[in-house]
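Undergrad: Sharing a structure here in structure tokens format.
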Amino acid sequence: MGIVHQCLDKTGLIQYIYIMRVKFWGTRGSVPVPGSTTIRYGGNTTCIEVEDRNGNLLIIDAGTGIRALGNELMRRGKQGPIYVFLTHFHWDHIQGWPFFTPTYLPKSEFVVYGHAKSADRLREVFSYQMRTPFFPVKFTDLPCSFSFVPVDEDILKIGNLNIQTIKLCHPGGTLGLRVWEKKRAFVLMTDHEAGLKDKQPHLYTDYVKFASKADLLIHDAQFTADVLPTHKTWGHSSYQEALQLAIDAGAKRLGLFHHAPEREYNDIDRFVDHCNQILERKDKSLDVFGTMEGMVFTL
1 MGIVHQCLDK TGLIQYIYIM RVKFWGTRGS VPVPGSTTIR YGGNTTCIEV
51 EDRNGNLLII DAGTGIRALG NELMRRGKQG PIYVFLTHFH WDHIQGWPFF
101 TPTYLPKSEF VVYGHAKSAD RLREVFSYQM RTPFFPVKFT DLPCSFSFVP
151 VDEDILKIGN LNIQTIKLCH PGGTLGLRVW EKKRAFVLMT DHEAGLKDKQ
201 PHLYTDYVKF ASKADLLIHD AQFTADVLPT HKTWGHSSYQ EALQLAIDAG
251 AKRLGLFHHA PEREYNDIDR FVDHCNQILE RKDKSLDVFG TMEGMVFTL
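All the letters of the sequence shown, read from the start, carry residue numbers 1 to 299 under the UniProt record's numbering.
Set out below in structure tokens:
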């Protein structure tokens, strides 16, 4: 499910490699929703794993999906620093952190990036939810090591991955990410109200440029167009708005993301079908899908 490149090893045999690997561990917004009607797309809140070709690991957001990712990293015996990027600090993007098993290992190292004014403020985001009476283990009791790096609209380098950030339209502020290497790009724009033009930190054309020709664009699609008038300033987009931005940006794939808690699997299926109908009417070519837990893309 993605683009895989060929190269020759020292024996002259063809080896297949990827530039980066993207895996979804949580695709919901607001609250986790386990159950029979959500199982296909998953019920965990936001968490995405991005790995470069050398095994450097970037985790985007720490919703409840990070718990299962932590268990997987334990099975892999992941060594070296783990990089964590928080798009913002709302509950559904940090609530899984206390259950992330690697933090309970003395040898674990974490470098945490987030939209904050200082490293101390970023540390406070993690420590506050682990205070008494909210959680039995204090953040200061964790045996692992942390480095906190406040970011705004910056360009970062993690392993082979280049990361550019942009401010999105969401209460309290949030950051979108463009992660790229060797002309392969993954763009995440979650918790973004694309239609609130007068409140945007940037012009619409800036967001189109940010997502330009992305191999994989993941965009907030919590709402439908018919409910937007009663949800202004909530900081989320409709799937129709996500589709239009993807078309305007010339993205190759669009993943509908941050599913509302009440969305059942047949709802998301219907949204994807409607997107495909719109694309057919506009005579546009674009791969649209609903993001699912466990889904993997190689770019």
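C-beta: ideal position from N, C-alpha, C; glycine also.
If I'm right that Asp92 touches Val31 with Cβ under 8 Å, what's the distance once you round it to whole angstroms?
TA: Sequence index remark: in the sequence shown, residue 92 carries index 92 (1-based). Sequence index remark: in the sequence shown, residue 31 carries index 31 (1-based). About 7 Å separates the two Cβ atoms, so the contact holds.
Undergrad: Thinking just about the alpha-carbon of each residue, which of Glu262, Pro261, Leu286 is nearest to the one in Asp273?
TA: Indexing the sequence shown from 1 puts residue 273 at position 273. Comparing Cα-Cα distances from Asp273 to each of Glu262, Pro261, Leu286, the minimum goes to Leu286.
Undergrad: So the candidates are His90, Leu122, Phe126, Tyr83; which of them puts its Cα closest to the Cα of Val111?
TA: For the purposes of this step, residue 111 is taken as residue 111 along the sequence shown, with counting starting at 1. It is Tyr83 whose Cα lies nearest to the Cα of Val111.
Undergrad: With 16 as the cutoff for other CB atoms within 10 Å, does residue 334 come out buried or exposed?
TA: Because residue 334 is not part of the residues shown, which for the chain are 1 to 299, the question remains open.
Undergrad: Could you tell me the alpha carbon to alpha carbon distance between Ile247 and Arg178, rounded to whole angstroms?
TA: Sequence index remark: in the sequence shown, residue 247 carries index 247 (1-based). Sequence index remark: in the sequence shown, residue 178 carries index 178 (1-based). Whole-angstrom Cα-Cα distance: 17 Å.
Undergrad: Among the candidates Pro143, Thr87, Phe134, whose CA atom is the shortest distance from the CA of Thr101?
TA: For this step, residue 101 is matched to residue 101 along the sequence shown. Here the closest residue by C-alpha is Pro143.
Undergrad: Taking all protein chains shown into account, do 16 or more other C-beta atoms lie within 10 angstroms of the C-beta of Ala185, making it buried, or fewer, making it exposed?
TA: Stepping through the sequence shown from its first residue, residue 185 is reached at position 185. Classification for Ala185: buried.
Undergrad: DSSP on Arg28, reduced to helix/strand/coil?
TA: Taking the first residue of the sequence shown as position 1, residue 28 is located at position 28. Arg28: strand per DSSP, three-state reduction.
Undergrad: Name the DSSP bridge partner or partners of Arg178?
TA: For the purposes of this step, residue 178 is taken as residue 178 along the sequence shown, with counting starting at 1. DSSP, once it has assigned bridges, lists Gln164, Val187 as partnering Arg178.
Undergrad: Taking the C-alpha atoms as reference points, what is the distance between Gly2 and Pro133?
TA: Within the sequence shown, the letter at position 2 stands for residue 2. Within the sequence shown, the letter at position 133 stands for residue 133. Note on Gly2: pLDDT 48, under 50, position unreliable in the model; the coordinate value appears next. Rounded to the nearest angstrom, the two C-alpha atoms are 45 Å apart.
Undergrad: Is the segment 72 to 79 touching the segment 158 to 172 in the sense that three or more CB pairs, one from each, lie closer than 8 Å?
TA: With a cut-off of 8 Å, the segment 72 to 79 and the segment 158 to 172 do not count as touching, because too few Cβ pairs lie within range.
Undergrad: Would you identify the three-state DSSP class for Lys199, choosing helix, strand or coil?
TA: The sequence position of residue 199 within the sequence shown is 199, counting from 1. Note: Lys199 maps to helix in three-state DSSP.
Undergrad: According to the Cβ coordinates, are His115 and His90 closer than 8 Å?
TA: As a working mapping, residue 115 is identified with position 115 in the sequence shown. As a working mapping, residue 90 is identified with position 90 in the sequence shown. No, the pair does not count as a contact, with Cβ atoms beyond the cut-off.
Undergrad: If you reduce the DSSP assignment to three classes, tell me which class Ile66 lands in.
TA: For the purposes of this step, residue 66 is identified with residue 66 of the sequence shown, where counting begins at 1. Helix, per DSSP.
Undergrad: Do the CB positions of Asp259 and Ile268 come within less than 8 Å of each other?
TA: Within the sequence shown, numbered from 1, the residue matching residue 259 stands at position 259. Within the sequence shown, numbered from 1, the residue matching residue 268 stands at position 268. Position check: residue 259 holds His in this sequence, whereas Asp was assumed. It is a contact, given that the beta carbons lie within the stated cut-off.
Undergrad: Is Ser127 helix, strand or coil by DSSP?
TA: Taking the sequence shown and counting its residues from 1, the one referred to as residue 127 is at position 127. It is helical.
Undergrad: Would you give the residue range spanned by the alpha helix (DSSP H) that Val208 belongs to?
TA: The residue you call residue 208 lines up with position 208 of the sequence shown. Residues 204 to 210.
Undergrad: Checking the sheet assignment: what are the DSSP bridge partners for Ser147?
TA: Translated into the one-based positions of the sequence shown, residue 147 becomes position 147. Looking at the DSSP assignment, Ser147 forms a beta bridge with Val111.
Undergrad: Going by the beta-carbon positions, is the gap between Gly29 and Cys47 smaller than 8 Å?
TA: What you label residue 29 is simply residue 29 of the sequence shown in a count that begins at 1. What you label residue 47 is simply residue 47 of the sequence shown in a count that begins at 1. Taking 8 Å as the Cβ cut-off, Gly29 and Cys47 do not qualify as a contacting pair.
Undergrad: Do the segment 186 to 199 and the segment 226 to 238 meet, that is, are 3 or more Cβ pairs less than 8 Å apart?
TA: In short, these stretches touch, since the Cβ pair count reaches three.
Undergrad: So the candidates are Val288, Arg263, Lys157, Gln277; which of them puts its Cα closest to the Cα of Gly43?
TA: Against the sequence shown, residue 43 aligns to sequence position 43. Here the closest residue by C-alpha is Arg263.
Undergrad: Output needed for Thr291: all residues of its chain with C-beta closer than 6 Å, excluding positions within five of it in sequence on either side, in chain order.
TA: On the sequence shown, position 291 is the one that residue 291 refers to. Answer for Thr291: Phe24, Thr27, Gly255, Phe257, listed in chain order.
Undergrad: What residue ranges within the segment 208 to 272 form continuous alpha helix (DSSP H) runs of no fewer than 4 residues, ordered along the chain?
TA: If we require 4 residues or more, the alpha helix (DSSP H) runs fully inside the segment 208 to 272 come out as 239 to 249.
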